[in-house]
Amino acid sequence: MNSEHLLPLFVAVPLSIAFLLPLVGLINERLAPAFAAFATVALFVMSLNVIGAGELLYAVGGWQPPFGICLVGDALSYLFLLMIATVSLLIIVFSFAYMKRYTAGPRFYCLFLLMITGMNGVVISGDLFNIYVFLEIASFASYALVAFGIDREELEASFKYLVLGGIGSSFILFGIALMYSVTGTLNLADMSRCIIAMENKTMLGFISALFLTGFGLKAALVPFHAWLPDAHPSAPAPISAMLSGLLIKTLGVYALVRIFFNVIGVGQMLSTAMIVLGILSMVIGAVLAIGQWDFKRMLAYSSISQIGYIVFAFGLGTPLAYIGALFHLLNHAVFKSLLFLCSGSVEYATGTRDLRRLGGLWKKMPITSATCTIGALAISGMPPLGGFFSKLIIAVAAVQAVNHLGPIAYIYAAITVAVSFLTIVYFVKLQKMALFGETPQALESVREVPASMWGSLVMLAILCLAFGLHFPWFIERLIEPASEILVGRGDYIIKVLGSL
Amino acid sequence: MTPYILCTVLFMIGLYGVIAKKNLVKIVIGLIIMEYAVNLMLILIGYRKGGGAPIVTDPANAVREAAGFVDPLPQALIVTSIVIGLGFTAIIIAMCLRLYEKYGTFDILQIRRLKG
Numbered sequence: 003m004n005s006e007h008l009l010p011l012f013v014a015v016p017l018s019i020a021f022l023l024p025l026v027g028l029i030n031e032r033l034a035p036a037f038a039a040f041a042t043v044a045l046f047v048m049s050l051n052v053i054g055a056g057e058l059l060y061a062v063g064g065w066q067p068p069f070g071i072c073l074v075g076d077a078l079s080y081l082f083l084l085m086i087a088t089v090s091l092l093i094i095v096f097s098f099a100y101m102k103r104y105t106a107g108p109r110f111y112c113l114f115l116l117m118i119t120g121m122n123g124v125v126i127s128g129d130l131f132n133i134y135v136f137l138e139i140a141s142f143a144s145y146a147l148v149a150f151g152i153d154r155e156e157l158e159a160s161f162k163y164l165v166l167g168g169i170g171s172s173f174i175l176f177g178i179a180l181m182y183s184v185t186g187t188l189n190l191a192d193m194s195r196c197i198i199a200m201e202n203k204t205m206l207g208f209i210s211a212l213f214l215t216g217f218g219l220k221a222a223l224v225p226f227h228a229w230l231p232d233a234h235p236s237a238p239a240p241i242s243a244m245l246s247g248l249l250i251k252t253l254g255v256y257a258l259v260r261i262f263f264n265v266i267g268v269g270q271m272l273s274t275a276m277i278v279l280g281i282l283s284m285v286i287g288a289v290l291a292i293g294q295w296d297f298k299r300m301l302a303y304s305s306i307s308q309i310g311y312i313v314f315a316f317g318l319g320t321p322l323a324y325i326g327a328l329f330h331l332l333n334h335a336v337f338k339s340l341l342f343l344c345s346g347s348v349e350y351a352t353g354t355r356d357l358r359r360l361g362g363l364w365k366k367m368p369i370t371s372a373t374c375t376i377g378a379l380a381i382s383g384m385p386p387l388g389g390f391f392s393k394l395i396i397a398v399a400a401v402q403a404v405n406h407l408g409p410i411a412y413i414y415a416a417i418t419v420a421v422s423f424l425t426i427v428y429f430v431k432l433q434k435m436a437l438f439g440e441t442p443q444a445l446e447s448v449r450e451v452p453a454s455m456w457g458s459l460v461m462l463a464i465l466c467l468a469f470g471l472h473f474p475w476f477i478e479r480l481i482e483p484a485s486e487i488l489v490g491r492g493d494y495i496i497k498v499l500g501s502l
Numbered sequence: 827m828t829p830y831i832l833c834t835v836l837f838m839i840g841l842y843g844v845i846a847k848k849n850l851v852k853i854v855i856g857l858i859i860m861e862y863a864v865n866l867m868l869i870l871i872g873y874r875k876g877g878g879a880p881i882v883t884d885p886a887n888a889v890r891e892a893a894g895f896v897d898p899l900p901q902a903l904i905v906t907s908i909v910i911g912l913g914f915t916a917i918i919i920a921m922c923l924r925l926y927e928k929y930g931t932f933d934i935l936q937i938r939r940l941k942g
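Chains as they are written, first to last, in the numbering used here: chain A, 3 to 502; chain B, 827 to 942.
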C-alpha cells in the first residue's frame, strides 16, 4: 500500500469506529473504551508513518486537482496530526476511570472520536469547503460534549458556545462563498494561483475580515472569547483538555494560518490585525485569569492568553517567529491538557474545583501535585521546560522584528515578557491555594487517583520535560519543516498542482 | 451586485436578531436567517440569466453546451450546507428544550448562572 492511501484513513478510521461505538455499547458497554483506545492508537501509529513518508497528495475518486477533492499532507499537517493523535491517546486513557461517574459511556467515546475525525479532516483537507465541513463536524461533537453533564450550567455554557460558534461558522461560510465568487475554485492551491494573478484585490480585504472574525471566534481571540471561559470548565475534564489543548488550535489557528499564509497571502494590514488581536488576547486573558477562583476557569482564561502568544507570533511574520509560534502551539497542547487533566484528578478526588476549598493536596495526592507543578512551571516559562524556549523564541523574534516593524516591536517584546510574568503570578496563586498550605478538614480522607489516570498525567509531564531538555531535536524534526510551509505560497501551489 | 448587497443585509438582520433579542427561540431564528442568507448568496453566485440545467445531452458538443449552463458547484455546496444547518438547528433546539426544562423560561436574562 502506498503511503498516500494513509491520508483518507485519518478521517475514515475514527469516523467508522465512532459509528460502531453506540452499536458496540448495546452489546457490552465495557467494550466501547477499548474500541476508542484502539482507534487513537491506530491514528498515532499512522501519524508516525506519514511523517517518514514525506509530502503526500491523495485525489479522492481519482479526480486530479484542481478538480475534485484532494487531501494534502505536508509537514504542517503532520505536526498537527501527530499532536492530535498523541494528546488524544493520553486523554482517552485518562477518561477510562474518570468517565465512570457519568452514564452513556459509549456515546461519550463516539462524540470524542467524531471530534478527532473533524480535527484530522481540517488538517489534511486541501479544499476550502471541506475544511468548513470538517470544522462543523468537530464543532458539533464539541457542542454536545460541553453539555454532556446536562445540568443547568453545562446547558447554559453549551448554548452560549452554540450561538457564538454558529455565528463563527456563518461568517466562515460567507467568506468561502465570496472567495468562490472571486476565484471560481475551491481548491486551496488553485485559489492561491488565482489570487496571485488577480489585479483588483479590494474584495480580499473584506474576505480576510470575515475569516478573521469566523476563525477568531473558533480560536477564542479576545473580542470573540466570551464562550470559552464558560464552555471549557463546564465540559468533563478530558473534554476540557481536548477543547483547550487541540480544538481551538486546529479549528481556529491552523485554519486561519493555512488560509492566510498559503492562500490569501499576508499583507501589512493583516499582520497588524493579527499582532493587535494577539496582544489583546495575551494581556486580557492573563489579567482575567488572576482573579479567578475556579480551577478550570483560571486555566480557560490562561488558554486565551496563550493563544494570543501564538497568533501574535504568526503576525510578526518572520521565519523565527513562525518557529516560535508552532513550538509554543505544540507545547501548549501538551501542558494545557496536562493541567486540565490535573484539575480533573483534583475534582475526581475531592469533588470540588473551588480553589478556596482546596489546600494541602501535596501530601494527599503527590503524583497529581507533582505533574501539576511541572505543567505550571512549563506554562509560566521556567527553564529548562518547553514553555521557556518557545516564549524565548517569540520574544527574540519580536526584538528582531524591529527591522521591519520599527521601534514599536520593542514594546511588543516587553509585553510578551510581562505577560509571562503575569502567567507566573496566577499559577503561583493556583499552586498555593490548591497544593500547599493546610489541608481543610473536609479533605482529610482524599486519596491519590487510580493508576490509569495518573499514568497519563505522568506521560504528559514527561513530554513537557522532553520538549524542554531536548528542544533542538523537536524543532529540527517537527517544527522547522512545518514553518517552511508558511513562508512561500509558490511551493504549496507547485506541490498540489504540479506547476505554478 | 444588488443581490449580493441584499444578501448581506439579510445576513445583518440575522446577526441583529442574535445580538439584540432576549428570547432563546428568537436567537435561534436569527441564526437560521444568517445561515439562509449565506445559502442564498451561494446559489446566486452560480446563477446565470437564462442558463440551463447542467446536464450534458450531447457528449460531442459538451464544451459548447457547458457555456449555457448555470454553475452546478454552488448547488452542490448548498445541499451540504443545508444538511449541516439542519444538524445545527436540531442540536440548538434540543438545547433550548433542555434549558426550558431546567429553568422554566426562554428569557436569557433569567438564565444567567455563569458570569462573563
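Backbone N, C-alpha and C fix where the C-beta goes; we use that ideal spot for every residue, glycine too.
**OP:** Kindly list, in the order they appear in chain A, the residues whose Cβ is closer than 8 angstroms to that of G913/B.
**Re:** Within 8 angstroms Cβ-Cβ: E138 and F142.
Original post:
Hey, is G207/A's beta-carbon within less than 7 angstroms of any beta-carbon in chain B?
Top reply: Residue-level contact check: G207/A does not touch chain B, since none of the beta carbons of chain B fall below 7 angstroms from its beta carbon.
Original post:
Applying the criterion that 16 or more other CB atoms from any shown protein chain within 10 Å of the CB defines a buried residue, is K393/A buried or exposed?
Top reply: K393/A is buried by the Cβ-count criterion.
Original post:
Which one or two residues does DSSP pair with G1006/B in a beta bridge?
Top reply: The requested residue 1006/B does not occur in the structure, where chain B is confined to residues 827 to 942.
Original post:
In whole angstroms, what separates the C-alpha of V427/A from that of H330/A?
Top reply: So the two alpha carbons sit approximately 20 angstroms from each other.
Original post:
Is S458/A buried or exposed, if buried means 16 or more other CB atoms sit within 10 Å of its CB?
Top reply: Buried, since its Cβ has 16 or more Cβ neighbours within 10 Å.
**OP:** Put G63/A into one of helix, strand or coil per three-state DSSP.
**Re:** Reduced to three states, the DSSP call for G63/A is helix.
Subject >> Beta-carbon contacts of Y26/A that lie in its chain and below 8 angstroms, excluding the five residues immediately before and after >> reply: One detail in the question is off: residue 26/A reads as Val in this sequence, not Tyr. Apart from the 5 residues on each side of it in sequence, V26/A sits with its Cβ closer than 8 angstroms to the Cβ of L33, A34, F37 and P108 in its chain, given in chain order.
**OP:** Give the residues of chain A in contact with V844/B, contact being defined as C-beta atoms less than 7 angstroms apart.
**Re:** Within 7 angstroms of the CB of V844/B, the CB atoms of chain A belong to V165 and I169, in sequence order along the chain.
Original post:
Mind listing which residues of the region 143 to 154 of chain A have their C-beta closer than 7 angstroms to chain B's C-betas, in chain order?
Top reply: Answer in chain order: Y145, A146, A149, I152 and R154.
**OP:** Determine the burial state of L410/A: buried for a count of at least 16 other Cβ atoms within 10 Å of its Cβ, exposed for fewer.
**Re:** In the sequence as displayed, the identity of residue 410/A is Ile instead of Leu. With fewer than 16 Cβ atoms within 10 Å of its Cβ, I410/A is classed as exposed.
**OP:** Taking only the alpha-carbon atoms, compute the straight-line gap between G942/B and Y412/A and give it to the nearest angstrom.
**Re:** Reliability of the predicted coordinates at G942/B is poor, the pLDDT of 45 falling under 50, and the value obtained from them is presented with this limitation in mind. G942/B and Y412/A: Cα-Cα distance of roughly 33 angstroms.
Original post:
Less than 7 angstroms separating the beta-carbons of F337/A and A380/A?
Top reply: Taking 7 angstroms as the Cβ cut-off, F337/A and A380/A qualify as a contacting pair.
Subject >> Element boundaries [beta strand (DSSP E), containing G75/A] >> reply: Boundaries of the beta strand (DSSP E) around G75/A: C72 to G75.
**OP:** Give me whichever residues DSSP pairs with N849/B in a beta bridge.
**Re:** Among the bridge pairs identified by DSSP, N849/B is matched with D933/B.
Original post:
Taking the runs of the beta strand (DSSP E) that are 3 residues or longer, which of them lie wholly in the region 209 to 293 of chain A?
Top reply: For the region 209 to 293 of chain A, not a single whole beta strand (DSSP E) run of length 3 or above is found.
Subject >> N-terminal and C-terminal residue of the alpha helix (DSSP H) that S501/A is part of >> reply: Segment: none, S501/A is in no alpha helix (DSSP H) and carries neither H nor E.
**OP:** List in chain order: all unbroken alpha helix (DSSP H) runs of 4+ residues lying wholly within the region 406 to 480 of chain A.
**Re:** 410 to 436, 453 to 471 and 473 to 476, all fully within the region 406 to 480 of chain A.
Original post:
Going straight from the alpha carbon of M367/A to that of E450/A, what length do you get?
Top reply: Cα to Cα, M367/A sits roughly 5 angstroms from E450/A.
**OP:** Using a threshold of 7 angstroms, state whether the C-beta atoms of G177/A and L223/A are closer than that.
**Re:** Their beta carbons are not under 7 angstroms apart, which means G177/A does not touch L223/A by this criterion.
Original post:
Taking the alpha-carbon positions, what's the L84/A to L50/A distance?
Top reply: Between the C-alpha atoms of L84/A and L50/A there is a straight-line separation of about 7 angstroms.
Original post:
With DSSP run on the structure shown, which of helix, strand or coil describes N202/A?
Top reply: DSSP places N202/A in coil when its eight states are reduced to three.
Original post:
By a C-beta neighbour count over all protein chains shown, 10 Å radius and 16 as the cutoff for buried, is A888/B buried or exposed?
Top reply: Counting the other Cβ atoms within 10 Å of the Cβ of A888/B gives fewer than 16, which makes it exposed.
Subject >> DSSP state of S127/A mapped onto helix, strand, coil >> reply: Correct three-state label for S127/A: strand.
Original post:
Under a CB-based cut-off of 7 angstroms, is C859/B close to chain A?
Top reply: Sequence inspection shows Ile at residue 859/B; the Cys mentioned does not correspond to that position. So no, I859/B is outside the interface.
**OP:** At 8 angstroms on the CB atoms, spell out the chain A contacts of K875/B, in chain order.
**Re:** Listed by position along chain A, the residues whose Cβ is nearer than 8 angstroms to that of K875/B form an empty set, because the closest Cβ is around 16 angstroms away.
**OP:** Pick helix, strand or coil for L137/A, following the three-state DSSP scheme.
**Re:** In this structure, L137/A counts as helix in the three-state DSSP scheme.
Subject >> chain A within 7 angstroms of L866/B, Cβ atoms only >> reply: False, the Cβ-Cβ gap to chain A never drops below 7 angstroms.
**OP:** Using beta-carbon positions only, say whether V148/A and L137/A come within less than 7 angstroms of one another.
**Re:** It is not a contact, given that the beta carbons lie outside the stated cut-off.
**OP:** Report buried or exposed for G930/B, applying the criterion of at least 16 other Cβ atoms within 10 angstroms of its Cβ.
**Re:** That one is exposed.
**OP:** Can you pull the chain A residues whose beta carbon is under 7 angstroms from the beta carbon of G921/B, in chain order?
**Re:** For the sequence presented, residue 921/B should be read as Met rather than Gly. Listed along chain A, the residues sitting closer than 7 angstroms to M921/B by beta-carbon distance are A149, L157, S160, F161 and L164.
Original post:
Residues bridged to N189/A by DSSP?
Top reply: Beta-bridge partners assigned by DSSP to N189/A: D129/A.
**OP:** Measure the alpha-carbon distance for V89/A versus G377/A and round it to whole angstroms.
**Re:** Rounded to the nearest angstrom, the two C-alpha atoms are 14 angstroms apart.
Original post:
By a C-beta neighbour count over all protein chains shown, 10 Å radius and 16 as the cutoff for buried, is S345/A buried or exposed?
Top reply: Counting Cβ neighbours within 10 Å, S345/A comes out buried, since at least 16 surround it.
Original post:
For L363/A versus A444/A, is the C-beta spacing smaller than 7 angstroms?
Top reply: No; because the gap between Cβ atoms is not below 7 angstroms, this pair is not in contact.
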